[in-house]
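Below is one structure, written out as structure tokens, with a few remarks after it.
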Amino acid sequence: MALTQNSFALTSHDMTPEQCRAARGWLDLSQKDLAEVAGVALSTVRDFEKGRRTPIANNLKAMQAALEARGIVFSPGSITGPGEFQLTESLDSTI
6 MALTQNSFAL
16 TSHDMTPEQC
26 RAARGWLDLS
36 QKDLAEVAGV
46 ALSTVRDFEK
56 GRRTPIANNL
66 KAMQAALEAR
76 GIVFSPGSIT
86 GPGEFQLTES
96 LDSTI
């Protein structure tokens with residue numbers, strides 16, 4: 006599936022730390038890999054995924070765009086990846 010810049014440049018949903026971890030796992034990317042392709046510091050990815058801090062807007066967008074360029078689609082409460090698989094956050098914390 007070929008993606009054009011317009012298919013991932015604008016997004017109405019910012020990814021959550023949990024979605025970032027899941028997307029990286031789906032794509033078999035390390036935190037270091039994501040940092041390199043997004044052009045951000047490794048500590049930015051690490052701290053975001055651990056919930057220590059939210060990156061500045063341009064760094065968060067760069068991280069998200071790097072994942073979206075590889076086929077990940079973010080939406081509130083879920084992500085869809087290559088092959089049309091979807092991960093959805095459970096609304097019931099007892100599951």
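For the sequence shown, my numbering gives the first residue as 6, with consecutive numbering after it. Note that the Cβ used here is the ideal one computed from N, Cα and C, for glycine as well.
(1) Pairs of beta-carbons, one from the region 55 to 63 and one from the region 27 to 39, closer than 8 Å: are there three or more?
(2) Sorted by chain position, which residues of the same chain lie with C-beta nearer than 6 Å to M20's C-beta, five sequence neighbours on each side aside?
(3) How close, in whole Å, do the beta carbons of A67 and A43 come, if the pair is a contact with beta carbons under 8 Å?
(4) Report yes if the C-beta distance between P22 and G56 is below 8 Å; otherwise report no.
(5) Using the Cα positions of L32 and E73, report the straight-line distance between them to the nearest angstrom.
With the given structure in hand:
(1) no
(2) Q69, F79
(3) Correct: roughly 4 Å between the Cβ atoms.
(4) Yes, these two residues count as a Cβ contact at 8 Å.
(5) 11 Å
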